[in-house]
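2 protein chains.
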Amino acid sequence: MASEPVETTNMATGSDAMSSSNTRQSRVRKREGAIISAGRSVFTTYGYAKATMAMIAREAGVADGTLYTYFDNKDALARGVVADYYARLTGTAKEGVDTRRTTRTRLDFLARHHITSIMEERGIVEMLPLLSSNLSDYSKDELYGLNKTYVAVFDGLIREGRASGDIPGDADVAVLRDIFFGALDYGARSSLLRSSRQGARNADITRLVDRLVSMIVGTNTSTGSLADRLEAVVNRVETALKEVGN
Amino acid sequence: MASEPVETTNMATGSDAMSSSNTRQSRVRKREGAIISAGRSVFTTYGYAKATMAMIAREAGVADGTLYTYFDNKDALARGVVADYYARLTGTAKEGVDTRRTTRTRLDFLARHHITSIMEERGIVEMLPLLSSNLSDYSKDELYGLNKTYVAVFDGLIREGRASGDIPGDADVAVLRDIFFGALDYGARSSLLRSSRQGARNADITRLVDRLVSMIVGTNTSTGSLADRLEAVVNRVETALKEVGN
DNA sequence: AATCAAATTGAATAGGCTTCAACTGTTACG
DNA sequence: CGTAACAGTTGAAGCCTATTCAATTTGATT
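Protein sequences appear in the order of chains A and B. Residue 249 is where the first sequence ends in our numbering, and the numbering goes up by one at each step. Residue 249 is where the second sequence ends in our numbering, and the numbering goes up by one at each step.
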């Protein structure tokens, strides 16, 4: 029994595993959540450069130094915020896709979901290029994995669509992915810069998404089945409602 | 003669306007060029965050304080570097387009030119999101105008292509623009992250550009005219050569 | 040559990230 | 209960870098 790690609190006492979440670990986890949440808020409001660690600490209700027991530095904290964002984004994307039926409506949903999300949390998305500074070992990065998981939702749709004959052609999935997410990211930025009113932005989104999805699926909206068109309308209504704050 | 502005050096002596470029103004302009050049070099090497004003001053051969007589702050200096980049990019884009003949080969050139340029000077392009911090008055920004001038090259191609019947459909030019530049920017990033070898990157570029141009022009490469296909090959050879440093 | 504005300098200032020695509250154990 | 051990917390101090500015140099003008 030499050199056995101490492992004090890990092997829980066994019983009441859910109610008494007031253990050390759980408090630590809760605090980590508070810090990430504070980070999201401050980074979103001020942007990476103008956000200060002091602000984040204040918002999270901890001392400056405490931040550094959870994250190595400001960069790592920002990464944590982005990672959290990616996780949520992937979750809601999967959920939404699962409640749609056809390839077209699924793609349509995914596109709308993506572009509205990044428009809302634009401040966070914009930090990304700053953070992946060292391209060399990017594949070791946590964000790399999270991004991969996220885009896998799209990749899956394309493969299924091909198998079912909904998507013609055999272009590399990576190419379609570049076009899909690239257009949405760029479109989000343009629309935010160009259109100041929410209504105009919604129109921008619909124009772009319709065209993009048609390019991939092949048929355009007006020639789709009635069921397809219905589901597409539902997608639009739902995202519109979400924006109103519902 | 009360309160008349002094205007010392502006109203030149009239004669020899070109040879004696050793005047105060010209030296100032030369120094501004040196600073932008130094900024490009340092920002490209270290990225915006790790680049220091001291490094740039040293590289430009001036004192730290001198930088501030040319640019208000680090941000403005970075903007200057990006502005310079845009100007060059637009120039070479126009040149290249003018030496191509058909809509397809012009688009093909523009796409390759864009993606190879941003892959080469990726460090500079990545600073952009950082700099356009205040979206509200972006239209007053110098970069806004430069970007507009640049994408106008694409817009012109689309309009001409429509007029000549080369490009079908009547989708909003803004939508096509989002798809075109969005896909290229995103594709550049993916390729740099994914493919380490130059050959693999060239393959990535060709796959993406071919697909993208086909999506816009409508016909795909193998059904284009012989002349079109020839010009496309020339484009590929030329960009390949440029990469080798020729 | 004298004068004046423009341009340059670099040391001083200010502000923010990060470190770390001291402190606090919790857990384990007799 | 008392107490040892320790994870977690604190905030003041150190360091680094953007930015300022009073003093100086440079170059044009008369």
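Virtual Cβ for every residue (Gly too), placed ideally from N, Cα, C.
Contacts with chain A at 8 Å (Cβ-Cβ) include Gly185 (chain B). Taking C-alpha positions only, Ile38 (chain A) is separated from Leu70 (chain A) by approximately 7 Å. If you look at Gly190 (chain A), you'll find it in the alpha helix (DSSP H) that goes Val176 to Arg197. Boundaries for Ser142 (chain A): no alpha helix (DSSP H) harbours it, and the DSSP string shows neither H nor E there. A residue is called buried once 16 or more other Cβ atoms fall within 10 Å of its Cβ, and Asp213 (chain A) is buried on that count.
Residue burial annotation: Ala114 (chain A) is buried, with at least 16 other C-beta atoms found within 10 angstroms of its C-beta. DSSP places Gly36 (chain A) in the helix class (H, G or I) of the three-state scheme. Taking the Cβ atoms as the reference, Phe184 (chain B) lies roughly 7 Å from Val154 (chain B), within the contact range of under 8 Å.
If you check each beta-carbon in the stretch 191–217 of chain A against every beta-carbon of chain B, the ones closer than 7 Å belong to Ser193, Leu195, Leu196, Arg210, Leu211, Arg214 and Leu215. Under the rule that a run must span 4 or more residues, the alpha helix (DSSP H) segments found entirely inside the stretch 27–88 of chain B read 27–53, 56–63 and 70–73. Taking every protein chain shown into account, the CB of Gly64 (chain A) has fewer than 16 other CB atoms within 10 angstroms, so this residue is exposed.
A distance of 8 Å or more separates the beta carbons of Thr93 (chain A) and Thr48 (chain A). In this chain, Met130 (chain A) is not harboured by any alpha helix (DSSP H), its DSSP state being neither H nor E.
Contact between Val84 (chain B) and Gly148 (chain B) does not hold, since their C-beta atoms are separated by about 16 Å, which reaches or exceeds 8 Å. In the DSSP annotation of this structure, the continuous segment of the alpha helix (DSSP H) that includes Asp213 (chain B) starts and ends at Gln201 to Val220. Cβ neighbours of Ile161 (chain B) within its own chain (closer than 7 Å, five residues either side excluded): Ile170, Val176 and Leu179. Within the stretch 121–135 of chain A, Glu129, Pro132, Leu133 and Ser135 place their CB atoms closer than 8 Å to a CB of chain B, listed in sequence order.
At the C-beta level, Met130 (chain A) and Ala90 (chain A) stay beyond 8 Å of one another. Between the alpha carbons of Asn150 (chain B) and Asp87 (chain B) lies a distance of about 11 Å.
Under the Cβ criterion of 8 Å, Ala52 (chain A) is counted among the residues facing chain B. Contact with chain B is found for Ile182 (chain A), since one of that chain's Cβ atoms lies less than 8 Å from the residue's Cβ. DSSP places Arg103 (chain B) in the coil class of the three-state scheme, outside both helix and strand. Excluding its 5 nearest sequence neighbours in each direction, Ala186 (chain A) has C-beta neighbours in its own chain below 7 Å: Leu211 and Leu215, listed in chain order. Closer than 8 Å to the CB of Val178 (chain A) there is at least one CB belonging to chain B. Residues of the stretch 150–178 of chain A with a Cβ closer than 8 Å to any Cβ of chain B, in chain order: Ala174, Asp175, Ala177 and Val178. Contact annotation for Tyr189 (chain A) against chain B: Asp181, Phe184, Gly185 and Asp188 [CB-CB distance below 7 Å, chain order]. Neighbours of Tyr141 (chain A) across chain B, judged by C-beta separation under 8 Å: Leu196.
Secondary structure at Asp158 (chain B): helix, using DSSP grouped into helix, strand and coil. Look at the beta carbons and you see the stretch 187–207 of chain B touching the stretch 185–199 of chain A: at least three pairs across the two are nearer than 8 Å. Inter-residue distance for Gln28 (chain B) and Arg104 (chain B) is about 42 Å (C-alpha atoms, whole angstroms). Judged by their CB atoms, Glu163 (chain B) and Thr106 (chain B) are nearer to each other than the 8 Å cut-off. For a cut-off of 8 Å, the C-beta gap from Leu195 (chain B) to Arg125 (chain B) is around 7 Å, short enough to register as a contact. In the three-state reduction of the DSSP assignment, Ser167 (chain A) falls in the coil class, being assigned neither a helical nor a strand state. Residue B:Val220 holds the alpha-carbon nearest to the alpha-carbon of Asp173 (chain B) among B:Ala57, B:Val220 and B:Val128.
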